[in-house]
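Protein chains in written order, with my numbering: chain X, 1 to 199; chain W, 1001 to 1199.
Just so you know, even glycine gets a beta-carbon here, dropped at the ideal spot from N, CA and C.
As the structure is a prediction and not an experimental result, all values here were calculated from the model.
Only one structure is covered here, and it is reproduced in the block below.
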DNA sequence: TCATAAAACATACAGTCTGCATGTATTGGC
DNA sequence: GCCAATACATGCAGACTGTATGTTTTATGA
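Dropping the structure here:
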């Protein structure tokens, strides 16, 4: 029965400890923030030693980057699943936005993606990560909407960044106890305001 | 000539070292971020010892909070100076927004107010600080605009938070090399979209 | 299949940092 | 001018990060 551990390929070993480290790190980063989580805690939770951590990740920040990357990927997946290509451009935007707020409701995501990520990794790295995942779906949706004439021809990068920022803040505010209805109403009003301007 | 230092009241002493610590901390927090700035560096820059620091501030975070508070106050002051009461509600909003972007262009403010502040102090404390200063001017402007019928009657808290988030992200993006014109255009389009909806 | 190389880890250590406890000097009040 | 209080300085304990070095497990080729 110990065969599983006593005889594995290097790839299997690596993958198992990497996964264990990511899981433990995510849990603690979410519970106590990145800064207040020490590497000895992480490896204890993961059941390995600090040697393994620094073998797989160049430093603690790289571990956070890996956690954030995976989280952003999960969020993007949930959004794409909720807002398929078949929808109209406008409905895809609205539905995608709802899906984003739902996804960010999952505990810890706001801290990872909106607080510690930007502060520790910097906006530049966060932009890279988000462009690979969650923000890509928004940007594509906006581009489609502009081409379809549903939105006025605004600069795509800036429009994506600012709408994303609104959704980010809404997610933070809702988690902090703000009214989800209020925030959704404002988001809807702003999108409708843009849409009506294109007529 | 040494009279200035050899014979001062306690209030003067305290105020001088507090100011010196705040100035040094701001400089280093901006240059290297909060996390990478050590208290020995700060006190060396300020010309005092760590004893003085921990006499005036309960811990390193409290020092950051004081720096952030002062910075937010400065930003609010610049905005209010640029967008006086005499303007029409809509012009006050637009002008105030421009003034905000200009103010945030001052080096380090994005890092202090938009990155390290939220991450280290938390959204809750940051909201308290911003409500006392910069965000108050925006909220007042929005309330006035809604009362005047220039904006539709949206929930004030949520509207303020989300518009502030947009301006925040615009400031970050511009500092990161993004096109200021693009971001201003998007901001203007979104505000105009809201205004036109109220007709 | 055996020896050697190369991963994948484990352990030990050096340097640094934070917060506190204790000590000293300067100022305020009577 | 003396005592208290405030302002600051110094020294110390505990903890943490990253690295260097040691050990074990897997891969490889003859």
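Legend entry - Collapsed DSSP secondary structure at residue 57 (chain X) in the structure displayed: Numbered from 1 along the first chain, position 57 holds the residue referred to as residue 57 (chain X). Looking at residue 57 (chain X) - three-state DSSP - the assignment turns out to be coil, as it is neither helix nor strand.
query = Does any CB atom of chain W fall closer than 8 angstroms to the CB of residue 183 (chain X)?
reply = Taking the first residue of the first chain as 1, we reach residue 183 (chain X) at position 183. So yes, residue 183 (chain X) belongs to the interface.
| query | Does residue 1186 (chain W) come within less than 8 angstroms of chain X when only Cβ atoms are used? | reply | Counting from one through the second chain, the residue named residue 1186 (chain W) turns up at place 186. Output row for residue 1186 (chain W): interface = yes.
Margin query: Taking 8 angstroms as the threshold (beta carbon to beta carbon), is residue 196 (chain X) in contact with chain W?
Written below: Taking the first chain and counting its residues from 1, one reaches residue 196 (chain X) at position 196. True, the Cβ-Cβ gap to chain W drops below 8 angstroms.
### Message
Under 8 angstroms, Cβ to Cβ, is there at least one residue of chain W near residue 128 (chain X)?
### Response
Along the first chain, one-based indexing puts residue 128 (chain X) at 128. By this cut-off, residue 128 (chain X) is not an interface position.
Are residue 50 (chain X) and residue 120 (chain X) closer than 8 angstroms when you measure CB to CB? For the purposes of this step, residue 50 (chain X) is taken as residue 50 along the first chain, with counting starting at 1. For the purposes of this step, residue 120 (chain X) is taken as residue 120 along the first chain, with counting starting at 1. No, these two residues do not count as a Cβ contact at 8 angstroms.
Exercise for the section: Using beta-carbon positions only, say whether residue 1067 (chain W) and residue 1111 (chain W) come within less than 8 angstroms of one another. Expected result: Within the second chain, residue 1067 (chain W) is the residue found at index 67, counting from 1. Within the second chain, residue 1111 (chain W) is the residue found at index 111, counting from 1. No, the Cβ-Cβ distance between residue 1067 (chain W) and residue 1111 (chain W) is not below 8 angstroms.
Worksheet item: At a Cβ cut of 7 angstroms, what residues of the segment 1005 to 1026 of chain W count as close to chain X, listed as they run along the chain?
Response: Within the segment 1005 to 1026 of chain W, no residue qualifies.
Chain X residues whose Cβ lies nearer than 7 angstroms to that of residue 1149 (chain W)
In the second chain, the residue the question calls residue 1149 (chain W) occupies position 149. Correct list: empty, because the minimum Cβ distance to chain X is about 15 angstroms.
Review point. In this structure, does DSSP put residue 1065 (chain W) in helix, strand or coil?
Key: Start at 1 with the first residue of the second chain, and residue 1065 (chain W) comes out as number 65. Correct three-state label for residue 1065 (chain W): helix.
Query raised in the report: Are residue 1063 (chain W) and residue 1046 (chain W) touching if we call contact CB-CB under 8 angstroms?
Result: On the second chain, position 63 is the one that residue 1063 (chain W) refers to. On the second chain, position 46 is the one that residue 1046 (chain W) refers to. With respect to the 8 angstroms criterion, residue 1063 (chain W) and residue 1046 (chain W) are not classified as neighbours on the basis of their beta carbons.
*So, residue 1099 (chain W) versus residue 1083 (chain W), is the Cβ gap smaller than 8 angstroms?*
Taking the second chain and counting its residues from 1, one reaches residue 1099 (chain W) at position 99. Taking the second chain and counting its residues from 1, one reaches residue 1083 (chain W) at position 83. Closer than 8 angstroms, so yes.
Point to revise | is_contact[residue 73 (chain X), chain W] using C-beta, thresh 8 angstroms | key: Reading the first chain from its first residue, position 73 is the one you call residue 73 (chain X). Cβ-Cβ to chain W under 8 angstroms: no for residue 73 (chain X).
*Endpoints, the alpha helix (DSSP H) within which residue 1040 (chain W) is located*: Residue 1040 (chain W) sits at position 40 when you count from the first residue of the second chain. Per DSSP, residue 1040 (chain W) belongs to the alpha helix (DSSP H) from 1039 to 1046.
Using the C-alpha atoms, what's the distance from residue 1029 (chain W) back to residue 30 (chain X)?
Here residue 30 (chain X) refers to the residue found at position 30 of the first chain. Here residue 1029 (chain W) refers to the residue found at position 29 of the second chain. In a straight line, the C-alpha of residue 30 (chain X) is about 25 angstroms away from that of residue 1029 (chain W).
Item checked: Selection from W:1123, W:1192, W:1095 and W:1109 that minimises the alpha carbon distance to residue 1032 (chain W) -> To locate residue 1032 (chain W), count along the second chain from 1; it is residue 32. Per the Cα distances, W:1109.
Between which residues of its own chain and residue 1052 (chain W) is the CB-CB distance below 6 angstroms, once the five residues before and five after are set aside?
Along the second chain, one-based indexing puts residue 1052 (chain W) at 52. So the qualifying residues of the chain are 1017.
So residue 1116 (chain W) contacts chain X; which residues on that side make the cut at Cβ distance below 8 angstroms? Numbered from its first residue, the second chain carries residue 1116 (chain W) at position 116. Simply 119.
- Between residue 102 (chain X) and residue 173 (chain X), what straight-line distance do the alpha-carbon atoms span, to the nearest angstrom? Walking along the first chain from the start, residue 102 (chain X) turns up at place 102. Walking along the first chain from the start, residue 173 (chain X) turns up at place 173. Computed Cα separation, rounded: 13 angstroms.
Open item on the list: What does the alpha-carbon distance come out to for the pair residue 189 (chain X) and residue 39 (chain X)?
Closed with: Translated into the one-based positions of the first chain, residue 189 (chain X) becomes position 189. Translated into the one-based positions of the first chain, residue 39 (chain X) becomes position 39. Straight-line Cα distance between these residues: approximately 45 angstroms.
Check your understanding: Can you name the start and end residues of the alpha helix (DSSP H) that residue 1184 (chain W) belongs to?
Key -> Taking the first residue of the second chain as 1, we reach residue 1184 (chain W) at position 184. Per DSSP, residue 1184 (chain W) belongs to the alpha helix (DSSP H) from 1180 to 1197.
| query | What does residue 168 (chain X) touch in chain W if you count any residue whose Cβ is under 7 angstroms from its own? | reply | Counting from one through the first chain, the residue named residue 168 (chain X) turns up at place 168. By Cβ distance, chain W contributes 1165.
In the segment 132 to 157 of chain X, which residues sit with their C-beta less than 8 angstroms from some C-beta in chain W, listed in chain order? Listed in chain order, the positions of the segment 132 to 157 of chain X with a beta carbon within less than 8 angstroms of a beta carbon of chain W are 152, 154, 155 and 157.
Helix, strand or coil for residue 153 (chain X), going by three-state DSSP, please let me know.
Here residue 153 (chain X) refers to the residue found at position 153 when the first chain is read from its first residue. In the three-state scheme derived from DSSP, where H, G and I count as helix and E and B as strand, residue 153 (chain X) is classed as coil.
What does residue 124 (chain X) touch in chain W if you count any residue whose Cβ is under 9 angstroms from its own? Against the first chain, residue 124 (chain X) aligns to sequence position 124. What residue 124 (chain X) touches in chain W: 1176.
Notebook entry, point to check: Alpha carbon to alpha carbon, what distance is there between residue 8 (chain X) and residue 1 (chain X)?
Noted result: Numbered from 1 along the first chain, position 1 holds the residue referred to as residue 1 (chain X). Numbered from 1 along the first chain, position 8 holds the residue referred to as residue 8 (chain X). Because residue 1 (chain X) sits at a pLDDT of 38, beneath the cut-off of 50, its placement in the model cannot be relied upon, and the point is left open.
Within 8 angstroms (strictly less), CB to CB, does residue 38 (chain X) reach chain W?
-> Within the first chain, numbered from 1, the residue matching residue 38 (chain X) stands at position 38. Residue 38 (chain X) does not count as touching chain W.
Exercise. Taking the alpha-carbon positions, what's the residue 1042 (chain W) to residue 1059 (chain W) distance?
Worked result: Indexing the second chain from 1 puts residue 1042 (chain W) at position 42. Indexing the second chain from 1 puts residue 1059 (chain W) at position 59. Going by the C-alpha atoms only, they are around 13 angstroms apart.
**Asked** With contact counted as at least three CB pairs below 8 angstroms, one residue from each stretch, are the segment 116 to 136 of chain X and the segment 1152 to 1160 of chain W in contact?
**Response** no
### Query
Going by alpha carbons, who is nearest to residue 1175 (chain W) out of W:1076, W:1106 and W:1080?
Translated into the one-based positions of the second chain, residue 1175 (chain W) becomes position 175. Ranking W:1076, W:1106 and W:1080 by Cα distance to residue 1175 (chain W) puts W:1106 first.
Closer than 8 angstroms to chain X by CB, residue 1106 (chain W)
For the purposes of this step, residue 1106 (chain W) is identified with residue 106 of the second chain, where counting begins at 1. It does not; no Cβ of chain X falls within 8 angstroms.
query: Measuring CB to CB, does residue 162 (chain X) end up less than 8 angstroms from residue 1126 (chain W)?
result: One-based indexing of the first chain puts residue 162 (chain X) at position 162. One-based indexing of the second chain puts residue 1126 (chain W) at position 126. Against a cut-off of 8 angstroms, the Cβ pair of residue 1126 (chain W) and residue 162 (chain X) comes out as no contact.
Inter-residue spacing [alpha-carbon to alpha-carbon] between residue 1146 (chain W) and residue 146 (chain X): On the second chain, position 146 is the one that residue 1146 (chain W) refers to. On the first chain, position 146 is the one that residue 146 (chain X) refers to. Using only the alpha carbons, I get a separation of about 29 angstroms.
Checklist line | Residues near residue 157 (chain X) in its chain [Cβ-Cβ closer than 6 angstroms; skip 5 each side] | finding: Here residue 157 (chain X) refers to the residue found at position 157 when the first chain is read from its first residue. None.
> Closest Cβ-Cβ distance between residue 159 (chain X) and chain W: below 8 angstroms?
Replying inline: As a working note, residue 159 (chain X) is residue 159 in the first chain. It does: the Cβ of residue 159 (chain X) has a partner Cβ on chain W nearer than 8 angstroms.
inquiry  = Check this for me: beta carbons of residue 1072 (chain W) and residue 1129 (chain W), under 8 angstroms apart or not?
reply    = Mapped onto the second chain, residue 1072 (chain W) falls at position 72. Mapped onto the second chain, residue 1129 (chain W) falls at position 129. In contact: residue 1072 (chain W) and residue 1129 (chain W) (Cβ atoms closer than 8 angstroms).
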